[in-house]
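What follows is one structure encoded as C-alpha cells, with my remarks underneath.
Residue numbers (this note's numbering): -8 to 254.
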C-alpha cells in the first residue's frame, strides 16, 4: 500500500500533465501552452464576429452601414483621395504581398535558413487558404452602393486584403526584427508593419468594397494565424535546445542573422 510520502515522491518523479504544462522548468510545455492560449484568445473574437455576421445582427449591420455611407460620401466628393486608396490597395494587394514573401523565402533558403523559410511560407499558405474558405462558408455579399467608386468580385467576409496584409506584415516583421539593433529602428519597423496592415484594410472600406467588420475579421484572422504558426516555431526552438526568444522583440529566429545555417 502506498504511503503519502510515496505518493509525494511519485508526483515529483512523474509530474501530472497539468504540472508539466505550467512548470517553468518544463519550458517547452509552458511556452507551448501560453502560445496556444494566446492564439486561441485571438480566435475567440474572430469566431464571435463571424457568428454575428452570419446571424445578421442588427446593431453590427447598422454600424457597418453607417461607416460605409459616411466614407463613401467623402470618397465621392474627393476623387484624389479615391485614387490614393486605389493605388495603395493595388500595391498592397494579396498577390504583390505574397510575391514579396516568396522572395524572402527564397532568400532565406539561400541562407540555409530552411525552417524559418518553411515557417514564413506556411503562415502565408495557411492564411491564404483559410480566407477564401471562410468567405464561402459565411457567404456575405459586398456593400451595394448607388454610385460606387470601385468594384470587387466575390464574397465579403473576411477581407482578403486585410488578412493578407496582416500575414505578410507579421512575417516580414518577425523575420527582419533581428537585423535592426537600435530601439528606434525596431519601433520604425513595427510602425511600418502596422501602417501596411491598417491602411490596407481601411482602404477597402473607403473604396466601398468591404464593410468595416469584414476588415476587422481579416485582421483578427491574420493575427491568429501568425500567432499559431509562431507558437509552433518557437516550441520547435525550445525542443531543439535553441535559446528562448520573445518574437515581438527578437523575431522568431535571431540566430539566422548571425549564422546562416542556424535553422
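By construction, the Cβ of each residue, glycine as well, lies at the ideal position given by its N, Cα and C atoms.
Annotation for residue 153: 192, 206, 209, 210 place their beta carbon closer than 6 Å to its own, counting only its chain and skipping 5 residues before and after. Of the residues assessed, residue 176 falls on the exposed side of the cut-off, its CB having fewer than 16 other CB atoms within 10 angstroms. Looking at 227, 198, 194, 188, the one whose alpha-carbon comes closest to that of residue 214 is 188. In this structure the region 110 to 120 does not touch the region 44 to 62; the number of beta carbon pairs closer than 8 Å is below three.
About 14 Å separates the beta carbon of residue 243 from that of residue 158, a gap too long to meet the 8 Å contact definition. For residue 81, the uninterrupted alpha helix (DSSP H) run begins and ends at 70 to 82, by DSSP. DSSP places residue 48 in the coil class of the three-state scheme, outside both helix and strand. In the DSSP assignment, residue 199 falls outside any alpha helix (DSSP H), carrying neither H nor E.
The three-state secondary structure of residue 104, taken from DSSP, is coil. By the neighbour-count criterion, in which a residue is buried when 16 or more other Cβ atoms sit within 10 angstroms of its Cβ, residue 59 is buried. Only residues of its own chain outside the window of five on either side were considered, and among them 215 have a CB closer than 7 Å to the CB of residue 34, listed in chain order.
Separation of residue 105 and residue 111 (C-alpha to C-alpha, rounded to the nearest whole angstrom) is 10 Å. In the DSSP assignment, residue 154 falls within the alpha helix (DSSP H) that extends over 151 to 167. In this structure, the alpha-carbon of residue 185 lies about 21 Å from that of residue 72. Taken atom to atom, the span from the alpha-carbon of residue 166 to that of residue 137 is near 44 Å. The beta carbons of residue 196 and residue 129 sit no closer together than 9 Å. Counting C-beta atoms within 10 angstroms of its own C-beta, residue 68 has fewer than 16 neighbours from the protein chains shown and is therefore classed as exposed.
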